[in-house]
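Let me begin by presenting the structure, written as structure tokens, before commenting on it.
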Amino acid sequence: MKKTVTTFDDNFASSDTWRIFRIMSEFVDGFEGLAKIKRGVTIFGSKALPEDHPYYKCACDTSYLLAKSGYSIITGAGQGIMEAANRGAAKAKGTSVGLNILIPKEQVPNPYINYLMEFRYFFVRKVMFTKYSYASVVFPGGFGTLDELFETLSLIQAQRITSIPLILVIEEYWRDMVKWLKQRLVKEGTIDRQDMELFRMVNTPAEVLSAIKDFYKGPKGWK
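Start counting the sequence shown at 78; every next residue gets the next number (the numbering used here).
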């Protein structure tokens, strides 16, 4: 049975002063609601990809394998890759978490979630993604996916969160971006060469699972 946690109250006053308390309530509810989630793997990716797309199938198969291996799956609760990830977790009878965002153009949570939380504020929701991620798996996506990817990279680089495996799936999709990072950012000195080791590119569900396991073998981090 799906459990839903709504993290806001529309009866709050709309002034900035009172909004602080609404923000605080979202943080408190988020922390309490997600603290029980064990070994959460956050999966990011495009909401626009249909069920018959190869990336959708790969995301579904990946989350199925991860859930069967004892990991919880966390997504943004929407369609596309998010739906595929929750679907795979549900098929495996695993923990399938959705962190839904309440926006003017309503996002309807996908039907494969067994633990749903709803947020009004993007920044609170993003904190929950990073704080409770044992690993982050990034499938092809657009601006939102890139935002989540680079925020996670920035937080790891700045040591503001504990280092976690950050995995880009479908190497062909990410290859040109990674090439640009090396040829421009590393070359210009705006990032260090070792920053390119903060993530890994893979192609298959088995490689995702292997990358997570490799990261946590012995001293944390890939060798």
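For each residue, glycine too, the CB sits at the ideal point set by N, CA and C.
Among the residues of its own chain, which have a CB less than 6 Å from the CB of tyrosine 250, if the five just before and after it don't count? Correct list, in chain order: Pro217.
Let me check understanding here. Comparing Cα to Cα, which of Lys168, Tyr132, Asp272 and Val246 lies closest to methionine 278? Looking at the Cα atoms, Val246 is the closest of the given residues.
Ordered list of alpha helix (DSSP H) runs contained in the region 209-256, each at least 4 residues: Fully enclosed alpha helix (DSSP H) runs of 4 or longer: 220-234.
Quick check on the DSSP output: the beta strand (DSSP E) that includes phenylalanine 196 runs from which residue to which? Under the DSSP assignment, phenylalanine 196 falls in the beta strand (DSSP E) whose first and last residues are 192-196.
Per-residue burial, threonine 329 [other beta carbons within 10 Å of its own, 16 or more giving buried]: It is not possible to answer for residue 329, since the shown part of the chain is limited to 78 through 300.
Helix, strand or coil at leucine 301 [DSSP, three-state]: In the structure as shown, the chain begins at 78 and stops at 300. Residue 301 is therefore absent and cannot be evaluated.
Determine the contact status of alanine 166 and alanine 144, defining contact as a CB-CB distance below 9 Å. It is a contact, given that the beta carbons lie within the stated cut-off.
Hey, quick one: how far does the beta strand (DSSP E) through arginine 277 stretch, first residue to last? Start and end: 277-279.
In three-state DSSP terms, what is glycine 155? Coil at glycine 155, not helix or strand.
For leucine 254, count neighbouring C-beta atoms within 10 Å of its own C-beta (all shown protein chains included) and say buried if the count is 16 or more, exposed if not. Per the sequence presented here, residue 254 reads as methionine, with leucine not at that position. Classification for methionine 254: exposed.
Quick check on the burial criterion: 16 or more other C-beta atoms within 10 angstroms. Buried or exposed for methionine 194? So methionine 194 ends up on the buried side.
Rounded distance between the beta-carbons of threonine 94 and glutamate 120, thought under 8 Å: It is worth fixing the name first, because residue 120 is isoleucine in this sequence and not glutamate. Not confirmed; about 37 Å, so no contact.
So does the region 149-163 actually touch the region 174-181, counting three or more Cβ pairs closer than 8 Å? By the Cβ criterion, the region 149-163 is in contact with the region 174-181, since at least three pairs of Cβ atoms, one from each stretch, lie closer than 8 Å.
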